[in-house]
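Asks: Before I ask anything, let me first share the structure, which is written out below as structure tokens.
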Amino acid sequence: MIGFYDYTVVLTYISLMCSVFGITQAIGGHYRTAIICLALSGLFDMFDGKIARTKKNRTDDEKLFGVQIDSLCDVVCFGAFPAVICYVLGVRGILGTIVLAYYCVCSVIRLGFFNVLETNRQRVEEGANKYYHGLPITTMAIVLPLAFMLNFVIAEREFSVLLLFVLAVVGTLFIVDFKLRKPSNAFLAVLVILVACAVVAIFLFSKYHISLCFPGLENSILDRLMR
Numbered sequence: 001m002i003g004f005y006d007y008t009v010v011l012t013y014i015s016l017m018c019s020v021f022g023i024t025q026a027i028g029g030h031y032r033t034a035i036i037c038l039a040l041s042g043l044f045d046m047f048d049g050k051i052a053r054t055k056k057n058r059t060d061d062e063k064l065f066g067v068q069i070d071s072l073c074d075v076v077c078f079g080a081f082p083a084v085i086c087y088v089l090g091v092r093g094i095l096g097t098i099v100l101a102y103y104c105v106c107s108v109i110r111l112g113f114f115n116v117l118e119t120n121r122q123r124v125e126e127g128a129n130k131y132y133h134g135l136p137i138t139t140m141a142i143v144l145p146l147a148f149m150l151n152f153v154i155a156e157r158e159f160s161v162l163l164l165f166v167l168a169v170v171g172t173l174f175i176v177d178f179k180l181r182k183p184s185n186a187f188l189a190v191l192v193i194l195v196a197c198a199v200v201a202i203f204l205f206s207k208y209h210i211s212l213c214f215p216g217l218e219n220s221i222l223d224r225l226m227r
């Protein structure tokens, strides 16, 4: 079998599975479940690199495989998945489609450029990079759950405009070349607590229902759009 199979990539695959399940839930109209899946995906991705670096005897091929597999999964988890969520929540029409496409293109550019930088860096030094170039793509796993909380207080039309604005701004920050120092473990803990609070609030108070079941086609967003 091709590939490398060890514990260093397990969290990356779990993150991907959360996102794939979240996509099915978003299409089925279970938006709260989808947002929770996005937050969980970001949580798993936050620690996959730290776990991978605990394996001291990784070969160069294993390291490169880890870089590639992480970025490929991130395309789905934090590129396509947020775009699907925003689409089903109302980012539609010509402008919405353009912004969704723009966000996804920025995501791919960012991840491709990260692969180039990280591959070149690992040839000359060990350990984790101390800086990001541009906004990390996993930021959307923090921004979108926090933005989703605003559906408590604003109308659906304004909420969809907000999501469109978030996609455009965050996508642009993916490809703007500025140095951002990687957060400390203490700051990461604060972010985890903040997103966890947002998820709990969404779970308890959001007007969008939650379900872990796969809805029938007659109840799905896709079916209503095709009628």
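Note that the working numbering has the sequence shown beginning at 1, numbered continuously upward. Even glycine gets a Cβ: it sits at the ideal position worked out from N, Cα and C.
Looking only at its chain, what residues have a beta carbon closer than 8 Å to the beta carbon of V199, apart from the 5 residues adjacent to it on each side?
Replies: Cβ neighbours of V199 beyond the five flanking positions: I35, I36, A39 and P145.
Asks: Compute the Euclidean distance between the alpha carbons of G171 and D60, then round it to the nearest angstrom.
Replies: Going from the Cα of G171 to the Cα of D60 covers about 31 Å.
Asks: Going by C-alpha to C-alpha distance, which of I14, Y87 and F114 sits closest to D275?
Replies: There is no way to answer for residue 275, as the model of the chain reaches only from 1 to 227.
Asks: So what's Y31 in DSSP terms, helix, strand or just coil?
Replies: Correct three-state label for Y31: helix.
Asks: For S184, which residues from the same chain have a beta carbon less than 8 Å from its beta carbon, with the 5 sequence-adjacent residues on both sides left out?
Replies: Cβ within range, chain order: n/a, list empty.
Asks: Tell me, please, which residues DSSP counts as bridged to Y131.
Replies: Partner(s): R181.
Asks: Rounded to a whole number of angstroms, what is the C-alpha to C-alpha distance between A101 and A189?
Replies: For A101 and A189, the distance between alpha carbons rounds to 32 Å.
Asks: Kindly confirm or deny that the region 155 to 168 and the region 2 to 18 touch, where touching means at least three C-beta pairs closer than 8 Å.
Replies: The region 155 to 168 vs the region 2 to 18: no contact.
Asks: On the DSSP letters alone, give me the boundaries of the alpha helix (DSSP H) that Y102 sits inside.
Replies: G93 to Q122 is the extent of the alpha helix (DSSP H) around Y102.
Asks: In whole angstroms, what is the alpha-carbon distance linking Y87 and A26?
Replies: Computed Cα separation, rounded: 9 Å.
Asks: So is E118 buried or exposed if we call it buried at 16+ other beta carbons inside 10 Å?
Replies: E118 should be labelled buried.
Asks: State whether the region 96 to 111 contacts the region 40 to 52, with contact taken as three or more CB pairs (one from each stretch) at a distance under 8 Å.
Replies: Contact between the region 96 to 111 and the region 40 to 52 is absent, because fewer than three Cβ pairs lie under 8 Å.
Asks: Have a look at P136, R58 and R123 and flag the residue whose alpha-carbon is nearest the alpha-carbon of G42.
Replies: The candidate whose alpha carbon is nearest that of G42 is P136.
Asks: Taking 9 Å as the threshold (C-beta atoms), are I23 and A80 in contact?
Replies: It is a contact, given that the beta carbons lie within the stated cut-off.
Asks: Taking C-beta to C-beta, are G90 and R32 nearer than 9 Å?
Replies: Against a cut-off of 9 Å, the Cβ pair of R32 and G90 comes out as no contact.
Asks: Rounded to whole angstroms, what is the Cα-Cα separation between C197 and L191?
Replies: Distance between the alpha carbons of C197 and L191: 10 Å.
Asks: How long is the line joining the alpha carbons of N120 and V153, rounded to whole angstroms?
Replies: The alpha-carbon atoms of N120 and V153 are separated by roughly 47 Å.
Asks: For K55, count neighbouring C-beta atoms within 10 Å of its own C-beta (all shown protein chains included) and say buried if the count is 16 or more, exposed if not.
Replies: Burial call: exposed.
Asks: Candidates M140, Q68, L95 and T97: which alpha carbon is nearest C77's?
Replies: With distances taken between Cα atoms, C77 lies closest to M140.
Asks: Nearest to L16 by CA position, among F159, R123 and T138, is which residue?
Replies: It is T138.
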